[in-house]
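Report on the following structure.
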């Protein structure tokens, strides 16, 4: 038994017995499901129950808050998880009933066959009992294809329910929000299945949902929906095993990853990917050129279209939901990077640049783009058109090379759409704040409003160790401007491989950016959670404040460092200032004081007040009416 | 000997012997001084020396990078620090030669006298050998007063040198930068003493510099200068001793705090403050109402103008450089907060609200504002007009109460300026991204372009434990829009008292925000550090990359977790991807490959290239010319 096998077995044992830290529900949270038009559409949410408002603040019930939940069945105690079997194939029936796919006898890629037949891999291989699906000859199984033919798929209905976030139980107050400033088409108050279909049909949103990944809980990426985030995992030659990667995926979705990219470049990429996909409730993206390069022993110049094509089929038949393809790195653009501070920093971009120069030829990805589309539509793999020439430093931001490639990505988008293949566009990178909006505006202009998916951008280069923050700033801004998905950056960016804690911090930072963007866009219902948390904070409901936060465990831990006693969590003062100087306590005193004032006094008080203040005094008997 | 004395003695011993973590220079950094027009103007900088570019990348010398340095004499190994003596009084001569101050016999405030005469306090008292200064009768010692009379003070010249950041040694490349988008008056390429004077004269910038704080290294706050950050320290009834607060101040300036606010509310505020001021190389701000409230045992309604006035004089004679004064919380505005989610969250604001309601009277701070100005100008204390009605939640952002107060702060600014008293304006708080710019724009409009100084703002309420990040996003944006100083928020915000690690993380986050804003504004020279770091990154000069970062220690620690060997720091690949998949390595291969191409091949390659690419090929013989 080699080291990897030992790791795998160790992981399986651990998972069967413990692994509770990554799967147990958060405090006071339970998984709920909302049923759609048919019983097999069951959309999961996390319901956070809240305590009552203390009597000093008006003793009222606080309705539970229902939030979007990416964690899949892992946080549902009613579902028995065994990663050896993978997750339930909840979309299998939907795919089958469309009657446009055929069951293959097995993998059709050369590499897929080879790995399946290699007895040495038996012990580490996921025991998949079904064979891959593919579109029947001449058929197109993409969600875009259905959408354009007017078909509302179960996936679309599922997404409509999911995006609405169950606002019906919220009090009127909790729904109140600032108008928002949305730079795109307007977001409807209620997301309907028809709206989802229409956005997908016109290419403004994608539903990454490979027919060979029936385990996913469908989700959508588009700027008229909630802003999504991606978490990267993946081993490299220097670190991590299969088990660690699966654990990272579960961990990443627990904290809020909407999709996960497997960027593995080490050994056993094929087997690692299978384990990840079979156990992932979220769409999985990859960069197929990484594996293709492994197949030619790291020599970029030895890459061929045939090897790449085989890799696409191999991965499509495993169930990868979107492929990053750097087809915009054209031969003519490479010299444009010559005067850059940091050259080409995209791995895929540099591989293709090397190939183009070595062969003196146009990129085979660009030349074979229609062939690639033919493969994508047979499995419904979405494009994530890679920005191989993205800037790697502030100095290189928004330069000629970057925008030349962006225009090409726009041309390629039109070709993908001609084939009804779903498509999003990757973006930078390193960009100072004042140049961020230009990225978004040009992307919309050149790429026909296809969803934008950016890495950060980092707004300065000078903080290695804190690049989740340098990039979280840019991510929040570009999310507001209309970016549909934000690829997370961890504190280890530029320095090393992220561990679990780094993944958590990276994801929370990006959930903050995405949510800040949803608020700024005025996304319906986004503010409910802020309001509920702030109300809890004002009323000193400490546990509710923790539980409504993006990271309840960290919040509790920080609080308990200063005031660890259980009693302190009911305390009507804040650990920051102590009982004497707490403004919220004083605010409450103000209200109590005002309660005792006579009517005459209240009238006197109102003298000189502005219109709203006068109206307030007319209406009520308290300075602080309970809202 | 009580517990505090023990703490103090413990601290003194520790400082004399160790405390190296907070004071030793960063690796490869040394303190340098630039002399002005007279030998006693010696402006400190940190010079970071860099290694040579490896031969594979073209073997060249890299000039040292000189950066703004807030850490004071603590990081100068030539200066012997003894906190019992305090720092050298470097401004004493400048103040004396203006011949407009008089040496008092001792503190003139009742409270100051009382503390000085209390024998029980002897052991914890800082041994100050000089007595306070005050303006001679009828004189005004504010930097604004001098500026308006056309006088360029040594402080102004010092600041001009400091803001220029010593760019003369930088290669042409390192000075190149994006144009920037500055919403204010334009920033000159070279900051002259006359420019400093002019900005102070028109109130667009302030130099917090109490004549009783001669130890400071002068700095400026205004939107045509580098964006500054403030770090808060201060004990509360629940935690920390004098020694811890002094340590926090030293620690805070080490990481980049430009000013420090002492928000202490516990025992021995007076003595704690003296220790902090005497040892602080940066301006110190306070909120005098906190101490005034202590003097009336926490009963807001017992506050009087006399007690407050005595507190102002007490603190002014100790050397506090700016006072937060919540004079904009007027009686009529209080009911406007009635419908808020989180009422009044400013401690000072809630204290004044309680007083106003209890007495049914207009705020004594508002009514006595001219009296306050009279005190301020005798010591050159700057106003930081407090936003007592700032929003404490997204729900409450940009509401009537907030903007009513802002208009009043604008009126008060005009009064302060009538007295030639320096003045900045505090701002929120909790604001969704799309409402941030309105805050900046209205502040400029109502307050005559006086510098804005904001807390964050936090762009969402849902991430307790990560509010340095929710607020860092807003801080970067408002800094770009023109905010002059950003008050830091630590990860413990809303949850507990920050420890040293929290202070460090909070400061670094805010240095990122401030620097990102400087880049976006196109501040001359701001990009030098980004360029130098990115060049080091591209050339795999790992140590240089760490040392140029805002937190060299963290960067090194993160790197070493993955690749701890010393050799790895010379490795020509990145620990993130491993040697095989490193894009920078491949980029280098591309360049090497291109070097080998014949001339004909290069011409062929250039076919179809854009203008710049052709020009490049004409000019040079390499695809990657060394820049």
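Residue numbers (the numbering used here), protein chains in the order written: chain A, 1 to 627; chain B, 1001 to 1627. Note that the Cβ used here is the ideal one computed from N, Cα and C, for glycine as well.
Outcome for residue i when other beta-carbon atoms lying within 10 angstroms are tallied against a minimum of 16
i                       : result
residue 466 of chain A  : buried
residue 216 of chain A  : buried
residue 461 of chain A  : buried
residue 1296 of chain B : exposed
residue 1527 of chain B : buried
residue 1031 of chain B : buried
residue 647 of chain A  : Summary: the structure shown does not reach residue 647 of chain A, with chain A confined to residues 1 through 627, and so no result is reported for it.
residue 1166 of chain B : buried
residue 1084 of chain B : exposed
residue 431 of chain A  : buried
residue 449 of chain A  : buried
residue 501 of chain A  : exposed
residue 186 of chain A  : exposed
C-alpha distance - residue i paired with residue j, whole-angstrom precision
i                       : j                       : result
residue 1522 of chain B : residue 454 of chain A  : 24 Å
residue 463 of chain A  : residue 529 of chain A  : 31 Å
residue 113 of chain A  : residue 315 of chain A  : 12 Å
residue 1220 of chain B : residue 1159 of chain B : 7 Å
residue 1515 of chain B : residue 1443 of chain B : 22 Å
residue 104 of chain A  : residue 518 of chain A  : 42 Å
residue 189 of chain A  : residue 374 of chain A  : 37 Å
residue 1281 of chain B : residue 1385 of chain B : 23 Å
residue 1427 of chain B : residue 1387 of chain B : 6 Å
residue 1393 of chain B : residue 1429 of chain B : 8 Å
residue 1170 of chain B : residue 1531 of chain B : 11 Å
residue 1403 of chain B : residue 1257 of chain B : 29 Å
residue 109 of chain A  : residue 1508 of chain B : 50 Å
residue 102 of chain A  : residue 390 of chain A  : 39 Å
CB contact check: residue i to chain B, cutoff 7 Å
i                      : result
residue 323 of chain A : no
residue 510 of chain A : no
residue 388 of chain A : no
residue 3 of chain A   : A caution first: residue 3 of chain A carries a pLDDT of 44, below 50, which makes its placement in the model too unreliable to give a value.
residue 110 of chain A : no
residue 295 of chain A : no
residue 448 of chain A : no
residue 433 of chain A : yes
residue 219 of chain A : no
residue 393 of chain A : yes
residue 412 of chain A : no
Cutoff 7 Å: residue i Cβ touching any chain A Cβ
i                       : result
residue 1625 of chain B : With a pLDDT of 31 at residue 1625 of chain B, under the threshold of 50, the modelled position of this residue cannot be trusted; read the value that follows with caution. So yes, residue 1625 of chain B belongs to the interface.
residue 1531 of chain B : yes
residue 1558 of chain B : yes
residue 1163 of chain B : no
residue 1048 of chain B : no
residue 1538 of chain B : yes
residue 1289 of chain B : no
residue 1476 of chain B : yes
residue 1402 of chain B : no
residue 1318 of chain B : no
residue 1304 of chain B : no
residue 1094 of chain B : no
residue 1053 of chain B : no
residue 1251 of chain B : no
Any non-hydrogen atom of the ligand SAM within 6 Å of residue i CB
i                       : result
residue 1401 of chain B : Ligands displayed in this structure: none; no statement on the ligand SAM is therefore possible.
Strand pairing of residue i, partner residues [DSSP]
i                       : result
residue 42 of chain A   : A:35
residue 1384 of chain B : B:1324 and B:1424
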